[in-house]
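The block underneath contains the structure these notes are about, expressed in structure tokens.
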Ligand code: HEC
Ligand code: HEC
Ligand code: HEC
Ligand code: HEC
Ligand code: HEC
């Protein structure tokens, strides 16, 4: 695409082009004009995913099982958008533009096609329910910013759909133009990087990837979330391919994708101890699966936590507290009894809202997270109200973190084998917030990422 624009400019410039070409850095500085696509088109300009699915059946069924097809309709999205974000912008009209912008990523067709915001609720079955539809991706031509963020895609509706297969295939229903942009991570970054109105990066999945080992090796988002395989039929009237791009988009909502993301091992420093003696357990966590940090994406909602428990020969269970490391902001990475998220009081209309429990899990566990803070420095899950970030204690791609647990065996510990379990759990939305907002349980259910066991012998 970029090449075409360039040629056009050269043609228009005529003889001037030679001079322009000679100017150093001309091409580098050339940038696509930034266009605001809000309400720029109408719903009629876009086709529904169902229609694409009449020929692309397999892809359609995969997409419809992915969160991509539910980014507007999924319960937690509906609750956060309508009950927090829209309500917040009613209380503070300066936020209206930002909150309308939720739709730029969650339902691009409504963002570009609707005249009024918010679009109708999911129950109204409007075209906003298309969420991140086929058209939202296959009409994209480029990113308008570098790095891409906040729905920076450039879209022109029409019969031309873009893809990357060479040589370009043919379709009876639409034109196909190849566009290498679809191979890039910037394509995903248009929606997977986000800045808050306070100019704070509140979503950086593509930026995390770019700074990590997978970028250097050329392993893109598509390779892990849209794996190539076959035989797979792209469209009804063609032959199957052995290297079809399978539209899984499986992420945090797929327990199988999350499982095993982090490898976990636990070992004691000594194998035998008497009650009253101290044993130090070391837990090693290796991120072997994600191309970005873990957790990534909606980091304001997510927690991963390490829980270590010992069971003595009589079945009594002891919870082990993680050893402090002493870094700045560490208190946000160890679970405890704190109230947080007070800023939800504004959209919820609760004056002097005291907040809810910050973590909602047993105290003393290590939490892998990055706290988001509102303008008053209190922890928030409202990323649009995020004025600063706290310590980033997430596990980077191929990073290894080591945690220790110093455990003084209580005098009542039964003699015999003591079994010690280390478990890493994942939760998409902290439970106290889910309970307050009545978000259905599956969003806060505990997903086991990994576990490992060791034993020590307790002497009489
Ligand atoms: C009448 C059937 C039909 C409909 C409806 C249809 N397509 Fe296609 N499409 C095809 C066929 C056939 C191909 C060629 C597939 C091949 O040979 O790999 C194709 C190819 C494509 C390709 C390129 C695939 C590649 O391998 O490069 C994209 C992208 C695409 N379609 C997107 C869409 C979208 C988006 C919609 C809905 C707006 C849609 N199609 C609707 C039949 C259809
Ligand atoms: C989130 C963005 C996104 C959505 C949503 C999406 N696609 Fe794609 N699709 C892509 C990308 C990216 C590629 C090309 C990846 C590559 O080959 O590197 C692709 C490839 C394809 C291809 C060609 C596959 C191949 O192996 O040649 C077809 C056909 C297609 N998409 C159809 C659809 C249809 C139909 C839908 C809706 C049911 C849809 N896509 C939804 C991003 C998307
Ligand atoms: C038009 C915006 C847009 C584009 C482009 C886009 N995404 Fe997304 N993606 C979203 C939104 C919005 C969600 C959140 C869905 C939800 O949970 O409501 C999401 C969620 C996901 C998830 C998490 C699914 C889960 O199970 O929780 C994955 C994985 C993902 N996208 C991968 C990709 C990849 C890979 C690309 C590029 C090929 C891409 N996305 C391009 C908007 C986009
Ligand atoms: C090396 C493989 C790999 C690459 C490359 C990769 N991912 Fe992932 N991604 C994963 C795995 C594994 C998970 C599941 C664990 C998790 O939820 O973080 C995941 C999870 C996600 C999630 C859901 C996060 C959550 O739990 O809410 C999103 C969104 C996502 N990826 C987007 C992307 C985007 C965008 C890119 C490219 C910039 C990308 N991924 C590159 C492996 C990868
Ligand atoms: C720049 C694009 C972008 C904007 C703008 C955006 N989101 Fe998202 N949103 C995403 C992506 C991508 C994900 C998926 C991240 C992940 O899987 O961890 C997501 C995830 C979510 C989730 C979590 C869904 C789940 O099931 O866990 C909620 C809720 C949400 N967004 C609400 C909003 C609201 C409300 C706004 C506006 C104030 C908004 N988003 C603005 C891209 C965006």
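Residue numbers (the working numbering): 52 to 511. All C-beta atoms in this analysis are idealised placements derived from N, C-alpha and C, irrespective of residue type, glycine included. Quick caveat, the model's predicted, so the values are computed rather than measured.
Item to check | Inter-residue Cα distance where the pair is residue 92 and residue 205 | outcome: Going from the Cα of residue 92 to the Cα of residue 205 covers about 13 angstroms.
Next on the checklist: If distances are taken between C-alpha atoms only, which option among 97, 413, 109 comes closest to residue 283?
Outcome noted: With distances taken between Cα atoms, residue 283 lies closest to 109.
Next on the checklist: Here's a check: name, in chain order, each residue in its chain whose Cβ is nearer than 8 angstroms to the Cβ of residue 213, leaving out the five neighbours to either side.
Outcome noted: If we look at residue 213 and ignore the five residues flanking it on each side, its Cβ neighbours are 189, 190, 191, 192, 227, 228, 229, 230, 232, 233.
Checklist entry - Quick one, which of 483, 311, 140 has its alpha-carbon nearest residue 503's? => result Its Cα nearest to that of residue 503, the residue 311 stands out among 483, 311, 140.
Item to check | Secondary structure, alpha helix (DSSP H): runs of 4+ residues fully inside the stretch 292-327 | outcome: Complete alpha helix (DSSP H) runs here, min 4: 306-309.
Next on the checklist: Is residue 227 a contact residue of ligand 1, with contact defined as CB to any heavy atom under 7 angstroms?
Outcome noted: Taking 7 angstroms as the cut-off, one finds at least one heavy atom of ligand 1 near enough to the beta carbon of residue 227.
Next on the checklist: In the DSSP assignment, the alpha helix (DSSP H) including residue 101 goes from what residue to what residue?
Outcome noted: Counted as a single uninterrupted DSSP element, the alpha helix (DSSP H) harbouring residue 101 occupies residues 100-104.
Next on the checklist: If I follow the unbroken beta strand (DSSP E) through residue 504, where does it start and stop?
Outcome noted: Here the beta strand (DSSP E) through residue 504 covers 498-509.
Checklist entry - Is residue 439 buried or exposed, if buried means 16 or more other CB atoms sit within 10 Å of its CB? => result Taking all protein chains in view, the Cβ of residue 439 is surrounded by fewer than 16 other Cβ atoms within 10 Å, so the residue is classified as exposed.
Checklist entry - Does the Cβ of residue 184 have 16 or more other Cβ atoms within 10 Å, making it buried, or fewer, making it exposed? => result Result: buried.
Checklist entry - Does DSSP classify residue 288 as helix, strand or coil? => result Residue 288: coil per DSSP, three-state reduction.
Next on the checklist: Quick check on DSSP: helix, strand or coil for residue 338?
Outcome noted: In the three-state reduction of the DSSP assignment, residue 338 falls in the strand class.
Checklist entry - Quick one: does the C-beta of residue 201 sit closer than 7 angstroms to a heavy atom of ligand 5? => result For ligand 5, at least one heavy atom lies less than 7 angstroms from the Cβ of residue 201.
Next on the checklist: Please tell me whether, using a cut-off of 7 angstroms, the distance from the CB of residue 265 to the nearest non-hydrogen atom of ligand 4 is below it.
Outcome noted: Residue side-chain check: residue 265 places its Cβ nearer than 7 angstroms to a non-hydrogen atom of ligand 4.
Item to check | Per-residue burial, residue 105 [other beta carbons within 10 Å of its own, 16 or more giving buried] | outcome: Exposed, since its Cβ has fewer than 16 Cβ neighbours within 10 Å.
Checklist entry - Does ligand 5 have a heavy atom nearer than 7 angstroms to the CB of residue 89? => result No, since every heavy atom of ligand 5 falls outside the 7 angstroms radius drawn around the Cβ of residue 89.
Next on the checklist: Could you give the first and the last residue of the continuous beta strand (DSSP E) run that contains residue 396?
Outcome noted: Note, residue 396: premise wrong, no beta strand (DSSP E); alpha helix (DSSP H) at 396-399.
Checklist entry - Can you name, in chain order, every residue of its own chain whose Cβ lies under 6 angstroms from the Cβ of residue 320, other than the five neighbours on each side? => result Non-local C-beta neighbours of residue 320 in its own chain, meaning closer than 6 angstroms and more than five positions away in sequence, comprise 331, ordered along the chain.
Next on the checklist: When you compare the CB positions of residue 96 and residue 164, do they come within less than 8 angstroms of one another, or not?
Outcome noted: It is a contact, given that the beta carbons lie within the stated cut-off.
Checklist entry - Does the Cβ of residue 187 lie closer than 7 angstroms to at least one heavy atom of ligand 1? => result Every heavy atom of ligand 1 is 7 angstroms or more from the Cβ of residue 187, so no.
Checklist entry - Can you list, in chain order, the stretches of the beta strand (DSSP E) that have 3 or more residues and sit fully within the stretch 335-382? => result DSSP runs (the beta strand (DSSP E)) wholly in the stretch 335-382: 354-362, 368-371.
Next on the checklist: I need the straight-line Cα distance from residue 361 to residue 493, nearest angstrom please.
Outcome noted: For residue 361 and residue 493, the distance between alpha carbons rounds to 28 angstroms.
Checklist entry - Over what stretch of residues does the beta strand (DSSP E) that includes residue 211 continue unbroken? => result Its beta strand (DSSP E) spans residues 211-214.
Checklist entry - Is residue 120 closer than 8 angstroms to residue 158 when the C-beta atoms are compared? => result No; because the gap between Cβ atoms is not below 8 angstroms, this pair is not in contact.
Next on the checklist: Classify residue 420: buried if its beta carbon has 16 or more other beta carbons within 10 angstroms, exposed otherwise.
Outcome noted: Its Cβ being crowded by 16 or more others within 10 Å, residue 420 is buried.
Checklist entry - For residue 201, which of helix, strand or coil comes out of DSSP? => result Look at residue 201 here: in three-state DSSP terms it is coil, with no helix or strand label.
Item to check | Contacts around residue 369, its chain only, beta-carbon distance under 6 angstroms, and the 5 residues preceding and following it disregarded | outcome: The residues are 361.
Checklist entry - Does the beta carbon of residue 156 fall short of 7 angstroms from some heavy atom of ligand 5? => result Under cutoff, so the answer is yes.
Checklist entry - Considering only residues of the same chain and omitting the five flanking positions on each side of residue 142, which have a CB-CB separation below 6 angstroms? => result Only 397 meet the Cβ criterion.
Checklist entry - Would you report the Cα separation of residue 336 and residue 187, rounded to the nearest angstrom? => result Straight-line Cα distance between these residues: approximately 37 angstroms.
Checklist entry - Hey, how far is the Cα of residue 208 from the Cα of residue 384? => result Approximately 46 angstroms between the Cα atoms of the pair.
Checklist entry - The beta strand (DSSP E) with residue 472 in it runs from where to where? => result Judged by DSSP secondary structure, residue 472 falls within the beta strand (DSSP E) whose first and last residues are 467-478.
Item to check | Exposed unless 16 or more other CB atoms sit within 10 angstroms - verdict on residue 263 | outcome: That one is buried.
Checklist entry - Do residue 118 and residue 435 have their C-beta atoms within less than 8 angstroms of each other? => result Using a Cβ distance threshold of 8 angstroms, residue 118 and residue 435 do not count as a contacting pair.
Item to check | Cβ neighbours of residue 334 in the same chain (closer than 6 angstroms, five flanking residues each side left out) | outcome: 317, 454, 473, listed in sequence order.
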